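A quick write-up on the structure given underneath.
Number of protein chains: 2
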Amino acid sequence: MKFEPVTIKDIGKALGLSTSTVSRALRGSYEISAETKKLVLEYAEKINYRPNPIALSLKERRNHSIGIIVCEIANNFFSQAINGIESIAYNRGYHVIISQSHESYERETVIVDHLASRSVDGLLVSLSSGTKDYTHLKQLYEKGLPIVFFDRITSEINTHKVIADNFKGAFDATEHLIKNGFKRIGHITSAPYLSISIERLEGYKEALKKNNIEYDEKLVQFCDNGGMNYDEVEEALKKIFKLKTKTDALFTAGDRITTTTMQALQKLNKKIPDDVGIIGFTNTMVGEIFSPPLSVVRQPAFEIGQVATELLISMIESKRPVTEFETKALQTELIVRESSVKKS
Amino acid sequence: MKFEPVTIKDIGKALGLSTSTVSRALRGSYEISAETKKLVLEYAEKINYRPNPIALSLKERRNHSIGIIVCEIANNFFSQAINGIESIAYNRGYHVIISQSHESYERETVIVDHLASRSVDGLLVSLSSGTKDYTHLKQLYEKGLPIVFFDRITSEINTHKVIADNFKGAFDATEHLIKNGFKRIGHITSAPYLSISIERLEGYKEALKKNNIEYDEKLVQFCDNGGMNYDEVEEALKKIFKLKTKTDALFTAGDRITTTTMQALQKLNKKIPDDVGIIGFTNTMVGEIFSPPLSVVRQPAFEIGQVATELLISMIESKRPVTEFETKALQTELIVRESSVKKS
DNA sequence: TTGAAAGCGCTAACAA
DNA sequence: TTGTTAGCGCTTTCAA
Numbered sequence: 027m028k029f030e031p032v033t034i035k036d037i038g039k040a041l042g043l044s045t046s047t048v049s050r051a052l053r054g055s056y057e058i059s060a061e062t063k064k065l066v067l068e069y070a071e072k073i074n075y076r077p078n079p080i081a082l083s084l085k086e087r088r089n090h091s092i093g094i095i096v097c098e099i100a101n102n103f104f105s106q107a108i109n110g111i112e113s114i115a116y117n118r119g120y121h122v123i124i125s126q127s128h129e130s131y132e133r134e135t136v137i138v139d140h141l142a143s144r145s146v147d148g149l150l151v152s153l154s155s156g157t158k159d160y161t162h163l164k165q166l167y168e169k170g171l172p173i174v175f176f177d178r179i180t181s182e183i184n185t186h187k188v189i190a191d192n193f194k195g196a197f198d199a200t201e202h203l204i205k206n207g208f209k210r211i212g213h214i215t216s217a218p219y220l221s222i223s224i225e226r227l228e229g230y231k232e233a234l235k236k237n238n239i240e241y242d243e244k245l246v247q248f249c250d251n252g253g254m255n256y257d258e259v260e261e262a263l264k265k266i267f268k269l270k271t272k273t274d275a276l277f278t279a280g281d282r283i284t285t286t287t288m289q290a291l292q293k294l295n296k297k298i299p300d301d302v303g304i305i306g307f308t309n310t311m312v313g314e315i316f317s318p319p320l321s322v323v324r325q326p327a328f329e330i331g332q333v334a335t336e337l338l339i340s341m342i343e344s345k346r347p348v349t350e351f352e353t354k355a356l357q358t359e360l361i362v363r364e365s366s367v368k369k370s
Numbered sequence: 027m028k029f030e031p032v033t034i035k036d037i038g039k040a041l042g043l044s045t046s047t048v049s050r051a052l053r054g055s056y057e058i059s060a061e062t063k064k065l066v067l068e069y070a071e072k073i074n075y076r077p078n079p080i081a082l083s084l085k086e087r088r089n090h091s092i093g094i095i096v097c098e099i100a101n102n103f104f105s106q107a108i109n110g111i112e113s114i115a116y117n118r119g120y121h122v123i124i125s126q127s128h129e130s131y132e133r134e135t136v137i138v139d140h141l142a143s144r145s146v147d148g149l150l151v152s153l154s155s156g157t158k159d160y161t162h163l164k165q166l167y168e169k170g171l172p173i174v175f176f177d178r179i180t181s182e183i184n185t186h187k188v189i190a191d192n193f194k195g196a197f198d199a200t201e202h203l204i205k206n207g208f209k210r211i212g213h214i215t216s217a218p219y220l221s222i223s224i225e226r227l228e229g230y231k232e233a234l235k236k237n238n239i240e241y242d243e244k245l246v247q248f249c250d251n252g253g254m255n256y257d258e259v260e261e262a263l264k265k266i267f268k269l270k271t272k273t274d275a276l277f278t279a280g281d282r283i284t285t286t287t288m289q290a291l292q293k294l295n296k297k298i299p300d301d302v303g304i305i306g307f308t309n310t311m312v313g314e315i316f317s318p319p320l321s322v323v324r325q326p327a328f329e330i331g332q333v334a335t336e337l338l339i340s341m342i343e344s345k346r347p348v349t350e351f352e353t354k355a356l357q358t359e360l361i362v363r364e365s366s367v368k369k370s
């Protein structure tokens, strides 16, 4: 199918004006007579003229679009973060292009390449769990493409980063379990390389330490697919429940990990919180109608998206190279419901 | 920040060749000597040359990108549909630009305008609940921009459409409730103008009729925000529960409506399924861990996205105007759990 | 106040 | 086999 839009040239021809006059009239240049301006504007309106953004981009070497790379949009944290991103981008006149890495390093490199080959002005990225090498991003970044990391970040690239305060969120959740009488707390988390996994694990360890509970690495299980794969979570649970000393609670670190763990616990016939208490990082909007109502660590996903986008746009629009970078950590929220509170 | 990418001209200069030679070598034209070709390719590889897609688009008047307009991505149906869309688009070399109308007609028109002003090759749209007028889309469509509707469609524009078999899904769900001994079934649905609302309402009515239950329009409540707004759902429920004859079951028609209804029922202290049975359209992945496990009508969201995308790309790539259109209705799946089955 | 022309990066028709 | 040139839609000097 063909789509033949009106160009500035068409307007010029119809009105007997040069393209430059039309162009100037359209952008309200002061050097054009009010009369001509009116003529052009009215005609443009009439035929519903829209400037070709592609031609503009070619000129300005700007696209007014930013690329987002996340592992999965079917994840409450990310869909909410994207909403935050969109809310800012939209107001600032930027389009948003969303791509999913599906936790694959290969896919991430392809996407980055695809997006970055100058079709976006900047990148908002949350790393895939398979990514251990950052050269695909580093190269681009060093060439001058603005990048802001959010949620899953890396210390190897020096730029703005926006995260939840994962350490504190994990610490609070773990300590909450301890204070509620749970003694042996398992930790199900995402891939071990991920910044979020590391930060949350540290928070977990710190809470144990503070409360004089010995850290046992057998209680920590990593799920490389971040809970997207049911079996991997069930496996992890089985390993924990096979241990001699009985695990009486679980701290899960990730949106899909938390909900999938709930499913697995149900399938394994574990009563919550009697057999096992649970609290986890998740941004589900329906935790209260789970069985039992689920205690959660909620991340400020929307705000994380907003802040990251503001930082990115400031980089994009900065005249001079940005050299001062910050890592913002936004506070999480602990929402206690029945799953983490012993009944007796 | 500035991002100075390598152009074909740079390569030409470095190698002492004309831009056209470089261009041809790059795309492997047969008329270029193997030697030159090799030279160019190797150099391009070395300096990591990437063609500027914007310049390409300007030439080809094609973007290789398709726009998606949905009301909300934080909705299981849509995030899954987008996954389907992406899976096809990605393989066919198309980018995907996602925008959210947030159920607002104004926002939808702005987005459509924005996207369609030639920055996308085609549009995949699911209408907002506020949309009763379709001229913004119709105009574009008549100018030749390929559009495929999915999920929320309109009969006013004659193009490809892909939906779930909403009538049958609603019919089956309602009849399932009836067969399980529920007598007076309320129906909570989205905005009344939406095609999905109409189709599902028809299925509901038909099931009542077949089972000799009189249709009572007071039992049907429309939620214009599609369940995004908690209060609107709670209001709807209160209205139904205030009726003299007791409502003993609910058929909810929409992803967010269903989950929000569950939340409201809990808050209103209604026991499910004893006080009120419930089954609803939703693509939640965690229905089984709800309290009680939720019976659902599941839509083939991923497949709907895939099929719609295939149809759209076929329109985009078709040499001659497409005149034969089809409306595909994919089957839903009824998943019965405890919420719709009386215990006694 | 307006127009002519160059240029953004690339492709392709035409020449050589 | 390679180079020259025009053109995609637009903005922006430079001239008039």
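Protein chains in written order, with the working numbering: chain A, 27 to 370; chain B, 27 to 370.
No residue lacks a Cβ here, since even glycine has one placed at the ideal position from N, Cα and C.
The structure displayed is predicted, hence computed values, not measured ones.
Cβ neighbours of Tyr167(B) within its own chain (closer than 8 angstroms, five residues either side excluded): Ile173, Ile183 and Thr185.
In this model, Glu359(B) and Tyr256(A) are separated by some 21 angstroms (Cα to Cα). The alpha-carbon separation between Gly313(A) and Lys64(B) amounts to approximately 60 angstroms. For the set Tyr219(A), Thr271(A), Val246(A) and Asn251(A), the Cα lying nearest the Cα of Leu263(A) is the one of Val246(A). As a beta-bridge residue in DSSP terms, Thr353(B) pairs with Lys187(B). Val312(A) reaches chain B at Thr285, Met288, Gln289, Thr310, Val312 and Phe316, counting residues in chain order whose Cβ is nearer than 8 angstroms.
Counting of Cβ neighbours within 10 angstroms places Pro299(A) among the buried residues, the total reaching 16 or more. Under the Cβ distance rule, Leu84(B) counts among the residues neighbouring chain A, one pair being separated by less than 8 angstroms.
With respect to the C-alpha of Ser130(B), the residue from Cys97(B), Pro319(B), Ser340(B) and Asn102(B) having the closest C-alpha is Cys97(B). When 7 angstroms is used as the limit between beta carbons, His186(B) is near no residue of chain A, the shortest such separation being about 12 angstroms.
With a threshold of 16 other beta carbon atoms within 10 Å, Arg226(A) meets it and is buried. Comparing alpha-carbon positions, the option among Glu68(A), Ala100(A) and Met254(A) lying closest to Leu52(A) turns out to be Glu68(A). Taking a beta-carbon distance threshold of 8 angstroms, Ile80(B) counts as an interface residue toward chain A. Taking one beta carbon from each stretch, the segment 258 to 274 of chain B and the segment 283 to 290 of chain B have 3 or more pairs nearer than 8 angstroms; the two touch. With a cutoff of 8 angstroms on beta-carbon distance, Ser154(B) and Ser216(B) are scored as not near each other. Within 7 angstroms of the CB of Arg53(B), no CB atom of chain A is found; the nearest one sits about 15 angstroms away.
Counting C-beta atoms within 10 angstroms of its own C-beta, Gln357(A) has fewer than 16 neighbours from the protein chains shown and is therefore classed as exposed. In this structure, Leu149(B) lies near Gly93(B), with their beta-carbon atoms less than 8 angstroms apart. For Gln325(A), no chain B residue has a C-beta closer than 9 angstroms to its own C-beta; the minimum C-beta separation is roughly 14 angstroms.
Contacts between Glu112(A) and chain B, judged by CB atoms closer than 8 angstroms, involve Ser125 and Gln126 in chain order. Here the alpha carbons of Thr161(A) and Ile137(A) stand approximately 14 angstroms from one another. Residues of the segment 290 to 303 of chain B that bring their beta carbon within less than 8 angstroms of a beta carbon in chain A comprise Gln292, in sequence order.
Listed as beta-bridge partners of Thr215(B) by DSSP are Phe248(B) and Ala279(B). Per DSSP, the unbroken alpha helix (DSSP H) holding Ile204(B) starts and ends at Asn192 to Lys205.
Around the beta-carbon of Asn237(B), fewer than 16 other beta-carbon atoms lie within 10 Å, marking it exposed. At the C-beta level, Phe103(A) and Asn309(A) come within 8 angstroms of one another. Annotation: Arg118(A) has no Cβ neighbours in chain B at a cutoff of 7 angstroms; minimum Cβ distance is about 13 angstroms. Per DSSP, the continuous alpha helix (DSSP H) segment holding Leu141(B) begins and ends at Tyr131 to Ala142.
Taken through DSSP and simplified to helix, strand or coil, Arg210(A) comes out as coil. DSSP places Ser321(A) in the uninterrupted beta strand (DSSP E) bounded by Ser321 to Arg324.
Around the Cβ of Lys244(A), a 10 Å sphere holds fewer than 16 other Cβ atoms; the residue is exposed. Under the criterion of beta carbons closer than 8 angstroms, Ala100(A) and Ser105(B) qualify as touching, at roughly 4 angstroms.
In this structure, the beta-carbon distance from Gln332(A) to Ile114(A) falls below 8 angstroms.
Phe316(A) and Ile315(B) do touch by the CB rule: their CB atoms are close to 5 angstroms apart, below 8 angstroms. Put simply, the CB of Ile37(B) is far from chain A, with every gap to its CB atoms at 8 angstroms or more.
Taking C-beta atoms under 8 angstroms as the contact rule, Leu84(B) and Ala81(A) qualify, at a distance of about 6 angstroms.
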